[in-house]
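K.L.:
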Amino acid sequence: MPSVPKQSPIQSSSSDTLPPPQPPVNGNTSSAERRLREAEDRLRDAIEELQRRQRSALGLQPPCEHADESCVANAIGNLCQTFLLSYGVRVGIGILLRAFKLARRQSYSSLLDLKQLVSEKDLIVREEACRIGLLFGGFTGSYHALRCFLRKYRKKETPLNAILAGSVAGLSILALDDSNRRRTLALYLLARVAQCAYNSAKSKNKFHLWGSHWSHGDSLLFALACAQVMYAFVMRPESLPKSYQDFIQKTGPVAKPVYKAVRDNCRGLPVDLVALSAYLSKTKASGSVKPVEFPSIIPCSIIHPNNHSCLAHNVTAASATFRKTFPLYFSLTFVPFVVLHLQKFMGSPARTCWRAVQNAVRSTSFLSAFVGIFQAAICLHRKVALKDHKLVYWVAGGLAALSVLIEKKARRGELALYVLPRAGESLWYILVNRRLLPDIKHAEVALFCTCMGAIMYYLEHEPDTMAPFLRGLIRRFLASKISTSGPPSNRSASYMYLQNLDVRKNRTLQDSQDTEASASEKYNLESIPGL
1 MPSVPKQSPI
11 QSSSSDTLPP
21 PQPPVNGNTS
31 SAERRLREAE
41 DRLRDAIEEL
51 QRRQRSALGL
61 QPPCEHADES
71 CVANAIGNLC
81 QTFLLSYGVR
91 VGIGILLRAF
101 KLARRQSYSS
111 LLDLKQLVSE
121 KDLIVREEAC
131 RIGLLFGGFT
141 GSYHALRCFL
151 RKYRKKETPL
161 NAILAGSVAG
171 LSILALDDSN
181 RRRTLALYLL
191 ARVAQCAYNS
201 AKSKNKFHLW
211 GSHWSHGDSL
221 LFALACAQVM
231 YAFVMRPESL
241 PKSYQDFIQK
251 TGPVAKPVYK
261 AVRDNCRGLP
271 VDLVALSAYL
281 SKTKASGSVK
291 PVEFPSIIPC
301 SIIHPNNHSC
311 LAHNVTAASA
321 TFRKTFPLYF
331 SLTFVPFVVL
341 HLQKFMGSPA
351 RTCWRAVQNA
361 VRSTSFLSAF
371 VGIFQAAICL
381 HRKVALKDHK
391 LVYWVAGGLA
401 ALSVLIEKKA
411 RRGELALYVL
421 PRAGESLWYI
431 LVNRRLLPDI
441 KHAEVALFCT
451 CMGAIMYYLE
461 HEPDTMAPFL
471 RGLIRRFLAS
481 KISTSGPPSN
491 RSASYMYLQN
501 LDVRKNRTLQ
511 DSQDTEASAS
521 EKYNLESIPG
531 L
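Quick note: the sequence shown uses UniProt numbering, first residue 1, plus one each step.
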């Protein structure tokens with residue numbers, strides 16, 4: 001214990017006569033807190049530099065972050081906990097969606113019957129949940145193990161350690177057996193790496209895109225990506241993943257034979273009259289609409305044969321989309337928050353449910369408006385034009401994307417970066433199909449590993465360049481540690497003080513991240529096939 005300096009009689013007598021200090025005002029408090037944080041940062045840097053010099057002088061390796069755990073126990077503990085978290089999220093989403101399905105059938109008593117609620121016959125999520133758990137758990141465990149190995153082997157802590165560990169741990173993507181899903185994840189991470197690289201260059205005044213300061217730049221990026229995706233869905237559906245095609249098809253009101261007829265008509269090919277007539281025979285327009293083999297344009301009477309009014313059709317399509325997708329968005333909002341933030345949910349369950357309902361209503365309204373605007377643009381084109389063109393669907397997708405303005409500002413950028421890889425995936429397929437790019441086997445695995453190495457570098461050395469949602473999510477999984485009993489730590493006083501500073505800083509940072517990411521912390525339902 002450091003000795004307390006003695007006060008002189010003059011100091012003690014004067015301190016007795018001084019008035020008690022007044023509480024500082026809010027401005028002084030915030031200024032004092034800022035100076036305290038800056039002082040703690042400088043002290044932390046000084047302690048780290050001192051420890052590096054001491055280790056360099058003694059030829060010692062840098063210490064691991066898990067003070068009282070072995071490297072093997074730390075890696076296995078992270079693997080198990082992250083596996084359970086990921087598995088629980090996927091199974092919880094499946095159970096909640098099954099409950100919504102039973103409630104929609106008005107079979108409320110079956111909600112209490114576990115055989116109907118979680119039976120393997122109706123809830124086929126076990127294999128997929130295991131694969132997702134192995135993906136996240138395998139990455140977390142192997143990343144911690146590789147970091148410890150590189151720290152001991154190289155005897156120094158550099159950014160190269162994070163890059164190598166993240167790249168090798170990225171091989172956990174092989175837990176997914178679908179190459180399309182692996183490619184989707186790889187392209188999604190590529191977009192995130194590009195975002196981090198641009199933010200890093202912009203913060204260092206090295207690179208700056210014209211228009212990036214626009215208040216609605218994220219909405220513009222989302223519109224361009226949606227234009228490409230909707231064009232690909234209508235004209236080149238094979239360039240999109242099967243699960244994504246099914247999601248767009250089930251969400252929209254237009255049948256598959258009609259899209260095929262539109263596609264053939266734009267290409268100057270004969271319309272498949274057999275398939276189109278079979279579809280029309282099941283609608284209200286049976287017998288009143290007679291399709292031709294080479295029409296100048298597919299009319300509205302074929303696009304929405306059950307409703308003669310385009311306006312009524314668009315309103316019906318939007319409301320039907322809302323009813324179909326609200327249970328999904330509520331599940332994908334509620335379950336991950338409960339699993340990843342169980343303590344907060346237990347503290348205020350009613351508030352959590354209310355926020356989940358609000359976020360689900362907002363997101364479902366956005367998707368419903370997207371469908372309505374897209375269909376309205378197609379119907380409007382048929383009112384003013386006599387011939388169809390494939391670019392109409394590109395423009396319609398861009399116009400429909402304006403519905404993203406319904407979402408919160410923080411959510412728009414997340415949606416743009418989610419749809420952008422879908423557009424890139426479609427372009428990748430088209431270029432490979434036209435033999436402009438080579439078809440390399442497992443190229444998506446190599447791309448995923450490279451992107452994970454870059455992501456882990458930015459996470460550890462330039463975290464401010466990452467989106468709050470992604471940064472908080474990765475740290476939530478990487479920080480999953482098991483507590484093991486062991487002998488008391490023999491760390492130095494400076495190390496323990498440095499750890500205390502890190503704990504205080506991480507708590508403050510985590511609180512701010514939760515506030516920033518609460519609006520955008522959702523899981524996209526399109527990435528979960530087979531629901």
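C-beta: ideal position from N, C-alpha, C; glycine also. These numbers were taken from a predicted model, which means no experiment stands behind them.
Would you kindly check if the distance between the Cβ of residue 391 and the Cβ of residue 296 is under 7 Å?
P.N.:
Result no, Cβ atoms of residue 296 and residue 391 do not sit closer than 7 Å.
K.L.:
Can you tell me whether residue 364 is buried or exposed? The criterion is at least 16 other CB atoms within 10 Å of its CB, across all chains shown.
P.N.:
It counts as buried.
K.L.:
Taking the alpha helix (DSSP H) that residue 152 falls in, what are its first and last residues?
P.N.:
Segment 126-154, the alpha helix (DSSP H) holding residue 152.
K.L.:
Can you tell me where the alpha helix (DSSP H) holding residue 455 begins and where it ends?
P.N.:
Its alpha helix (DSSP H) spans residues 443-461.
K.L.:
Just the C-alpha distance for residue 101 and residue 243, rounded to the nearest angstrom, thanks.
P.N.:
Computed Cα separation, rounded: 20 Å.
K.L.:
Which class does residue 264 belong to by DSSP, given the choice of helix, strand or coil?
P.N.:
Three-state DSSP puts residue 264 in a helix.
K.L.:
Within 10 Å of its beta-carbon, does residue 281 have 16 or more other beta-carbons around it, so buried, or fewer, so exposed?
P.N.:
Its Cβ having fewer than 16 others within 10 Å, residue 281 is exposed.
K.L.:
Do the CB positions of residue 400 and residue 370 come within less than 7 Å of each other?
P.N.:
The answer is yes: Cβ separation under 7 Å.
K.L.:
Give every residue of the same chain whose Cβ lies closer than 6 Å to the Cβ of residue 444, excluding the five residues on either side of it in the sequence, and list them in chain order.
P.N.:
The residues are 182, 183, 186.
K.L.:
CA-CA distance, residue 308 and residue 177?
P.N.:
Roughly 45 Å separates the two Cα atoms.
K.L.:
From 85, 417, 407, 76, pick the residue whose C-alpha is nearest to that of residue 476; which is it?
P.N.:
Closest option to residue 476, Cα to Cα, is 85.
K.L.:
At which residue ranges does the UniProt domain "Transmembrane protein 135 N-terminal" (304-430) contain complete beta strand (DSSP E) runs of 3 or more residues, listed in the order of the chain?
P.N.:
As far as the UniProt domain "Transmembrane protein 135 N-terminal" (304-430) is concerned, it has no whole beta strand (DSSP E) run of at least 3 residues.
K.L.:
What's the C-alpha gap between residue 495 and residue 147?
P.N.:
With a pLDDT of 49 at residue 495, under the threshold of 50, the modelled position of that residue is not reliable, and the figure given next carries that caveat. Taking the straight line from one Cα to the other gives about 19 Å.
K.L.:
How many angstroms separate the CA atom of residue 235 from the CA atom of residue 263?
P.N.:
The straight-line gap from Cα to Cα measures roughly 6 Å.
K.L.:
Where does residue 74 sit, in a helix, a strand or coil, going by DSSP?
P.N.:
Three-state DSSP puts residue 74 in a helix.
K.L.:
How far does the alpha helix (DSSP H) with residue 250 in it reach, from first residue to last?
P.N.:
Where residue 250 is concerned, the enclosing alpha helix (DSSP H) stretches over 242-251.
K.L.:
Please classify residue 205: is it buried, with 16 or more other beta-carbons within 10 angstroms of its beta-carbon, or exposed?
P.N.:
That one is exposed.
K.L.:
CB residue 457 to CB residue 466, shorter than 7 Å?
P.N.:
No; because the gap between Cβ atoms is not below 7 Å, this pair is not in contact.
K.L.:
Less than 8 Å between C-beta atoms, sequence neighbours within five positions excluded: which residues of the same chain meet that for residue 315?
P.N.:
If we look at residue 315 and ignore the five residues flanking it on each side, its Cβ neighbours are 372.
K.L.:
What would DSSP say about residue 535, mapped onto helix, strand or coil?
P.N.:
The structure shown has nothing for residue 535, since the chain only spans 1 to 531.
K.L.:
How many Å lie between residue 380 and residue 311 at the Cα?
P.N.:
Spanning the two alpha carbons is a distance of roughly 10 Å.
K.L.:
Rounding to the nearest angstrom, what Cα-Cα distance links residue 258 and residue 302 in this structure?
P.N.:
Their Cα atoms are separated by approximately 7 Å.
K.L.:
According to DSSP, is residue 205 helix, strand or coil?
P.N.:
Three-state result, residue 205: coil.
K.L.:
Please classify residue 306: is it buried, with 16 or more other beta-carbons within 10 angstroms of its beta-carbon, or exposed?
P.N.:
Burial call: exposed.
K.L.:
Could you tell me which of 154, 72, 179 sits nearest to residue 140, measuring between CA atoms?
P.N.:
When only C-alpha atoms are compared, the closest one is 72.
K.L.:
Ends of the alpha helix (DSSP H) at residue 294?
P.N.:
Residue 294 -> no alpha helix (DSSP H), and no H or E assigned at all.
K.L.:
Helix, strand or coil for residue 440 per DSSP?
P.N.:
Of the three classes helix, strand and coil, the one that applies to residue 440 here is coil, per DSSP.
K.L.:
What's the gap between the Cα of residue 452 and the Cα of residue 323?
P.N.:
Approximately 37 Å, taken between the alpha carbons.
K.L.:
Apart from the five residues on each side of it in sequence, which residues of its chain come closer than 6 Å, Cβ to Cβ, to residue 275?
P.N.:
257, listed in sequence order.
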